[in-house]
Every structure is written in structure tokens, then in C-alpha cells.
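See below for the structure under consideration.
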Amino acid sequence: MTNLIESYTAYFNAKPQFIARAPGRVNLIGEHTDYNGGFVLPMAIEQEVSIALVPRLDSTVRLFSLDLDLIAQFELGALLHGDGWDEYPKGVADELLKAGFRLNGFDGVITGNVPRGAGLSSSAAVELAVARAFCASSNFEWDAVQMATICQKAENHWVGVQCGIMDQMASAASRKNNALFLDCKTLAIQNIPMPANIAVVVMDTSTRRGLVASAYNERRRQCEESARDLNVEFLRDVSWLDFQNNIGKIKNPDALKRARHIISENERVLNTVDAMRSNDPFRMGKLFNESHISLRDDFEVTNDALNQIVESAWEQDGCFGARMTGAGFGGCAVALVEKEKARAFAQAVGAAYKHRCGLEALVYLSKASDGASISKC
Ligand code: GLA
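According to the working numbering, the sequence shown holds residues 3 to 379 in order.
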């Protein structure tokens with residue numbers, strides 16, 4: 003933070019007034035269910051995006067990226083599409099304006115340590131930090147759910163990624179030491195305390211895949227196709243029993259596999275919440291493992307590296323369960339581990355993964371953190 007404040011002073015020759023921050027997230031369970039109106043259970047992580055800022059009285063935004071060493075400048079009255087890193091801030095500004103907010107610009111310096119393309123929602127963290135910055139510069143009240151929805155629209159409309167609402171909600175509304183149980187149809191949230199005896203371990207395969215957006219959008223279309231065949235608005239509206247009784251209505255075999263994942267995954271989220279409430283890490287872990295297998299075989303969004311790292315985790319002492327997390331195709335997996343064994347686990351998984359596929363993994367313990375916030379300097 004000192005670095006950010008000093009950089010602001012060096013760049014703008016003044017002291018910043020506010021620090022806006024918003025975290026990345028790791029999804030514990032409920033993968034690809036959000037755009038099917040289903041259930042998800044992410045938690046915010048310690049890695050975050052921060053913006054040091056001073057509000058302006060006009061409609062200019064000047065935002066210096068410390069990590070890229072690049073300045074972006076735009077006028078709120080004349081937002082234009084481009085192809086730089088500042089598409090996220092512009093998209094957020096555009097959706098805030100469309101929602102009727104009267105915005106003032108700001109001078110800001112932005113920095114972040116959420117790894118990009120790793121499935122930990124670095125883009126949602128940027129969006130929510132920018133929304134938090136506008137909230138301070140323009141003096142409106144912060145409504146986490148409304149801001150998450152606006153940031154999702156920015157990503158859908160301005161950036162062109164058809165993501166669901168999970169990442170933005172996790173970044174906006176998470177609470178320290180809690181997972182965020184979210185119903186993506188109603189946007190109702192419940193904070194579920196993390197059991198004290200469990201460590202959440204993030205395992206970054208260090209693989210990244212391009213073309214994630216097109217594969218993602220294809221999965222979305224296949225889910226919509228199966229929902230149409232089943233005559234419902236969202237796959238969320240179908241219970242496992244209904245699905246079994248109507249399976250013949252889904253014509254396309256790929257759409258059927260996608261539906262089987264979504265409908266079973268929704269049940270797994272509900273069961274995981276139940277297991278958390280009754281402090282049953284073994285049951286949680288089993289549900290994690292089932293989720294991974296379903297994502298691997300039915301939703302087909304894992305890659306070899308994700309399967310290898312998850313299998314490496316399953317082999318270790320103290321591991322309750324492990325699964326890929328985020329959109330998939332590369333990036334991170336997540337494991338639930340007995341707290342006292344977590345450090346040894348992290349080392350052993352790194353070594354086992356390297357032995358299996360020759361790649362260096364980044365494996366670390368993660369703590370459930372607070373959602374977006376603002377502080378005065
Ligand atoms: C990405 C999207 C989310 C969600 C996940 C998969 O992170 O941004 O909306 O669909 O993939 O669960």
C-alpha cells in the first residue's frame with residue numbers, strides 16, 4: 003500500500019485521498035452454474051486490485067497502471083471502444099452512466115496481484131475496484147449487489163465476454179472468514195462460515211489457454227439448448243429426479259452431458275453448504291471430487307494439467323478433496339486440506355505435479371477475505 007501511495011504522489015504530484023480495493027476469488031464449488039441461474043459458493047481471496055485516487059470535479063478519468071507502466075485517459079461523456087487494458091474501467095463507467103449514475107472523474111493509480119488468466123477473477127477485481135473508485139469520486143451509496151450486476155454488464159456488453167454473475171458478486175459482497183453462498187437466480191446471498199479446521203489451498207497449474215471465451219460461450223449455448231429441450235428457463239429449474247425422468251427430451255448428446263453436469267452440480271453446492279454447516283469436511287471433500295469428475299467428463303472443461311494437479315492432490319495425506327476452479331481449460335484448482343497438514347500438502351503437491359508433467363505449480367494457502375471496500379488516506 004505504501005508503494006501505491008508513493009506512486010500516486012510521484013505520478014500526480016499530490017497525495018491520494020482514497021484507496022479503493024476489490025479482491026479476486028476462488029470458487030469452492032458450483033462451476034458454470036451461475037449463467038444457468040444456479041448456486042455457487044466462492045470466497046474472496048487475499049489477492050486484490052487497489053486504486054489510489056483523488057476525485058475530480060470534471061468528467062475526465064486519468065488512470066495510471068503501475069504494473070503495466072501505462073496511463074489511460076478518457077472522458078465520461080465520450081467513451082470509445084479500444085483494445086487496451088482500460089476497456090474494463092471504460093466498460094464500468096459506461097454501465098454506471100447507463101444505470102443513471104451521475105459520475106465525476108478521478109485521477110488514480112491502479113495496481114493488483116491477482117494472477118491474470120488463472121481462474122481467480124482478476125477482471126472482476128478490476129471492475130469492482132473501479133466501481134468503488136467511482137462511488138468515492140461521485141459520492142453515491144455503495145450497493146454491493148447493484149454494483150456487481152453493473153460490472154457483469156460491463157464485461158458482457160463492453161468487453162464482450164458472456165460471463166455469469168458469480169465473480170463480480172464474490173468480489174463485491176464476500177465477508178472475511180466466510181464463503182459466499184449465492185443463488186444466481188434471485189441474487190440472494192448467505193455468508194457461510196469456513197470451518198476452522200480446514201485450509202483452502204489454491205493450486206495454480208501455470209497453464210493458461212487461449213480461446214477460453216469461445217469455448218465458454220459454446221458451453222453456454224449448449225446449456226441453453228438443453229434448457230429449451232426440457233422446457234424451462236434455466237437448468238436450475240430442473241431437479242435431478244426431473245432430469246432423470248425427462249432425459250430423452252434432450253436430443254444433442256453434448257447438450258445432455260452439459261445438463262447432467264449443471265443439474266448435479268447445483269445439488270452438490272446445496273450439499274456442500276449443508277456439510278459446512280455441520281462441519282463435515284469429509285463430505286465436503288467428496289463433493290469436491292465429484293464436481294471435478296463431472297467437469298472433466300460431462301462439462302469437458304479441464305485440461306491435462308488440471309487433471310494431473312487434482313490427482314496429485316487426491317493422493318496426499320490430509321486432503322479432503324480437490325477440484326478445478328473457475329472457467330477451466332487451464333489455470334487453478336482448489337483443495338480442502340486438514341489445517342495442520344496444509345503446508346506439507348502444498349509442498350508435496352508441487353513435487354508430485356512436477357514429477358507427473360514437468361511443470362512448476364504455484365501452490366498456496368488462501369484465506370477467505372472481505373469484498374470490495376474504500377478507505378480514506
Ligand atoms: C468464469 C465466469 C463466471 C463463471 C465461471 C465458471 O469465471 O466469469 O461467471 O461462469 O467461469 O463457473
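For each residue, glycine too, the CB sits at the ideal point set by N, CA and C.
Checklist entry - With respect to the alpha helix (DSSP H) encompassing residue 163, which residues constitute its N-terminal and C-terminal limits? => result Counting along the chain, residue 163 falls outside any alpha helix (DSSP H), and DSSP gives it neither H nor E.
Checklist entry - Can residue 240 and residue 265 be called in contact, C-beta distance under 8 Å? => result yes
Item to check | Outcome for residue 67 when other beta-carbon atoms lying within 10 angstroms are tallied against a minimum of 16 | outcome: buried
Checklist entry - Which residue or residues does DSSP assign as beta-bridge partners of residue 77? => result 62
Item to check | Classification of residue 331 by the beta-carbon crowding that lies within 10 angstroms, buried from 16 upward | outcome: buried
Checklist entry - What's the C-alpha gap between residue 39 and residue 149? => result 19 Å
Next on the checklist: Output needed for residue 284: all residues of its chain with C-beta closer than 7 Å, excluding positions within five of it in sequence on either side, in chain order.
Outcome noted: 322
Item to check | residue 126 versus residue 177: straight-line alpha-carbon distance, rounded | outcome: 16 Å
Next on the checklist: How far does the beta strand (DSSP E) with residue 48 in it extend, from its first residue to its last?
Outcome noted: 41-57
Item to check | Beta-bridge partners of residue 27, as assigned by DSSP | outcome: 46
Checklist entry - Expressed to the nearest angstrom, what Euclidean distance is found between the alpha-carbon atoms of residue 30 and residue 15? => result 43 Å
Next on the checklist: I'd like to check one pair, residue 221 with residue 260: are the Cβ atoms closer than 8 Å?
Outcome noted: yes
Next on the checklist: Taking the alpha-carbon of residue 254 as reference, which of 368, 226, 154, 144 has the nearest alpha-carbon?
Outcome noted: 226
Next on the checklist: Between which residues of its own chain and residue 310 is the CB-CB distance below 7 Å, once the five residues before and five after are set aside?
Outcome noted: 355, 358, 359
Checklist entry - Rounded to a whole number of angstroms, what is the C-alpha to C-alpha distance between residue 146 and residue 174? => result 5 Å
Next on the checklist: the ligand GLA and residue 328: does the residue's C-beta get closer than 7 Å to at least one heavy atom of that ligand?
Outcome noted: yes
Item to check | For residue 202, the nearest candidate out of 371, 120, 232, 35 (CA to CA) | outcome: 371
Checklist entry - Would the C-beta of residue 165 count as close to the ligand GLA, meaning under 7 Å from any of its heavy atoms? => result yes
Item to check | Separation of residue 97 from residue 344, as counted between CA atoms | outcome: 42 Å
Checklist entry - Taking 7 Å as the cut-off, does the CB of residue 33 come closer than this to any heavy atom belonging to the ligand GLA? => result yes
Next on the checklist: Output needed for residue 318: all residues of its chain with C-beta closer than 7 Å, excluding positions within five of it in sequence on either side, in chain order.
Outcome noted: 347, 350, 351
Checklist entry - Short check: CB of residue 183 to CB of residue 43, under 8 Å? => result yes
Checklist entry - Can you name, in chain order, every residue of its own chain whose Cβ lies under 7 Å from the Cβ of residue 1, other than the five neighbours on each side? => result A query on residue 1 cannot be resolved here, the shown segment of the chain reaching from 3 to 379 and no further.
Checklist entry - Using a Cβ-Cβ cut-off of 6 Å (strictly less than) and excluding sequence neighbours within five positions of residue 115, which residues of its own chain qualify? => result 49
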